[in-house]
DNA sequence: TCCTTTTTGTTGTAATTACAACAGAAATGT
DNA sequence: ACATTTCTGTTGTAATTACAACAAAAAGGA
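Residue numbers (the numbering used here), protein chains in the order written: chain A, 0 to 221; chain B, 0 to 221.
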């Protein structure tokens, strides 16, 4: 557990909390680290969630399956991100997503019930933590709206250009790597993979973008 | 101002806060009520937001305009909802949406800066408020994911069925009113209005749904 | 009431997409 | 290095959609 302290300390979740406080809080919240392997379900649609999941290492896809069996990728999460945070606030809310491990991952798991009841008045750190939770959810909210913008474009071309432009702005650069392979990107943008590949080629041949595997270059201002 | 107290008191934002506390907090946060008319911009894309907006009465559309000039309706908000809450957490974040008044609306406006600095240690209500903020954002998060589910369906038919099914579940009934007119619903689901009308007619003729104006009846389990 | 405006429904056509099937490239394991 | 598997790109066709143009219905105002 101790070997993860530095990682945990630097997460937005524990931002503004000192080392000794952190140690006490982790005990208080029954914190432990769990390993997941490729394909493992960390959160399953329909479950009731009362734990806070913090990714220490690895990659997690937030997905949904349609009634007709198609996969929707809502977002991809990395180290320092929380999984399903919006589900712990209200008890009796069923998870509306699946959280799937991609490759190996290390997840810190905290008991939010203990966090919210035992510390309500006792811990002065509780207010720092809940303030952090608010900030984290705010960021996630903004990212979800960005995703809505991406997939709300009319054509495959517009979806790609909007997505790539947004990624460029996030990286503050015209050169960046995207976190998806082609099939994942298609499932994220809700389009057919082969049609997407075709459109990417077209954009490349027109000189608007360049790419090799996951590395993209934007040659235009959108 | 006093005449709005009962409305304000019953909002999720001030849940768990007593009457006297509320009065003190409203003064402390420089709270005031502002009237908006149809088409007024409450929040404009690109602005930096440092105020909390609480809808006391009326209807507000959260929208985005695409690069190509098309309207995207992200969500429709009503009394007791907050506008752009995710924007106040981090200063220097530019609004990624427009908030437009639909018809008349009454909005309570609070100064979040005062709320977060002055009360950091002084007010014990601050922690209640920030806990409420977390819960509100959680709910919004879940709704955004639901919207993503709706618009991620492949065909117009699937989008309509998914949307109507989700609305039915929310109302816990097969009979319910939707908050959108046809054009708004099309802009919410990112589809063409006329094509949507055509598909609605088809669903009605097939006996899967029934509707008249905004009142819908689901005749199947989805 | 009548007229005007707004909203909703209908239809045909051009554009776009999904899908399937396959080829080529890259990655992986032995 | 080779075989195998996974990932990416290409193409043709059927299905779906956007768009425009218009008709019908409903709502609102004088």
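Virtual Cβ for every residue (Gly too), placed ideally from N, Cα, C.
Euclidean distance between Cα positions of residue i and residue j
| i | j | result |
| --- | --- | --- |
| residue 164/A | residue 217/A | 8 Å |
| residue 41/B | residue 50/B | 11 Å |
| residue 105/B | residue 80/B | 12 Å |
| residue 97/A | residue 65/A | 12 Å |
| residue 121/A | residue 84/B | Any reading at residue 121/A must be qualified, since the residue scores a pLDDT of 49, below 50, and its modelled position is unreliable; no value is offered. |
| residue 227/B | residue 90/A | No information on residue 227/B is available, as it lies outside the stretch 0 to 221 that chain B covers here. |
| residue 47/A | residue 219/A | 45 Å |
| residue 109/A | residue 16/A | 16 Å |
| residue 205/A | residue 58/B | 44 Å |
| residue 53/A | residue 107/B | 35 Å |
| residue 186/B | residue 178/B | 13 Å |
| residue 25/B | residue 181/B | 39 Å |
| residue 100/B | residue 183/B | 14 Å |
| residue 63/A | residue 72/A | 7 Å |
| residue 38/B | residue 198/B | 30 Å |
| residue 67/A | residue 127/B | 42 Å |
| residue 129/A | residue 151/A | 33 Å |
| residue 202/A | residue 208/A | 6 Å |
| residue 36/B | residue 75/B | 16 Å |
| residue 148/B | residue 77/A | 22 Å |
| residue 60/A | residue 190/A | 18 Å |
| residue 158/A | residue 158/B | 18 Å |
| residue 19/A | residue 156/B | 56 Å |
| residue 160/A | residue 210/A | 13 Å |
| residue 29/B | residue 166/A | 38 Å |
Given residue i as reference, the closest of the options once Cα atoms are compared
| i | options | result |
| --- | --- | --- |
| residue 22/B | 36/B, 11/B, 7/B, 68/B | 7/B |
| residue 195/A | 162/A, 172/A, 166/A, 175/A | 162/A |
| residue 55/B | 184/B, 182/B, 5/B, 185/B | 5/B |
| residue 153/B | 173/A, 160/A, 188/A, 140/A | 188/A |
| residue 112/B | 100/B, 101/B, 39/B, 86/B | 86/B |
| residue 168/A | 48/B, 93/B, 61/B, 37/B | 93/B |
| residue 69/A | 199/A, 192/A, 198/A, 210/A | 192/A |
| residue 43/B | 190/B, 95/B, 201/B, 101/B | 95/B |
| residue 125/A | 151/A, 2/A, 27/A | 27/A |
| residue 103/A | 34/A, 202/A, 201/A, 190/A | 34/A |
| residue 32/B | 155/B, 18/B, 19/B, 3/B | 3/B |
| residue 82/A | 139/A, 18/A, 160/A, 157/A | 139/A |
| residue 131/A | 157/B, 166/B, 148/B, 88/B | 88/B |
Chain B contact for residue i (CB, 7 Å cutoff)
| i | result |
| --- | --- |
| residue 169/A | no |
| residue 132/A | yes |
| residue 88/A | yes |
| residue 148/A | yes |
| residue 143/A | yes |
| residue 8/A | no |
| residue 174/A | no |
| residue 71/A | yes |
| residue 63/A | yes |
| residue 126/A | yes |
| residue 155/A | no |
| residue 151/A | yes |
| residue 189/A | yes |
Cβ-heavy atom distance, residue i to the ligand ATP, below 6 Å
| i | result |
| --- | --- |
| residue 186/A | As presented, the structure is devoid of all ligands, the ligand ATP included, so that no description of it is given. |
is_contact[residue i, chain A] using C-beta, thresh 7 Å
| i | result |
| --- | --- |
| residue 136/B | yes |
| residue 81/B | no |
| residue 238/B | This structure cannot settle anything about residue 238/B, because the visible part of chain B is limited to 0 through 221. |
| residue 108/B | no |
| residue 222/B | No answer is possible for residue 222/B: the residues shown for chain B start at 0 and end at 221. |
| residue 54/B | no |
| residue 85/B | yes |
| residue 129/B | yes |
| residue 97/B | no |
Would the region 9 to 20 of chain A and the region 130 to 150 of chain A be scored as touching if the rule is three or more Cβ pairs under 8 Å?
yes
At 4 residues or longer, what runs of the alpha helix (DSSP H) sit wholly inside the region 117 to 168 of chain B?
124 to 150
Touching by the beta-carbon criterion (3+ pairs, under 8 Å), the region 138 to 150 of chain B and the region 138 to 149 of chain A
yes
List in chain order: all unbroken alpha helix (DSSP H) runs of 4+ residues lying wholly within the region 4 to 64 of chain A.
4 to 8, 18 to 27
Any chance the region 164 to 175 of chain A sits against the region 209 to 216 of chain A, with 3 or more Cβ pairs inside 8 Å?
yes
Along the chain, which unbroken stretches of the alpha helix (DSSP H) at least 4 residues long are found entirely within the region 183 to 221 of chain B?
192 to 204
Identify every run of the beta strand (DSSP E) within the region 68 to 109 of chain A, keeping only runs that are complete inside it and at least 3 residues long; order them along the chain.
70 to 76
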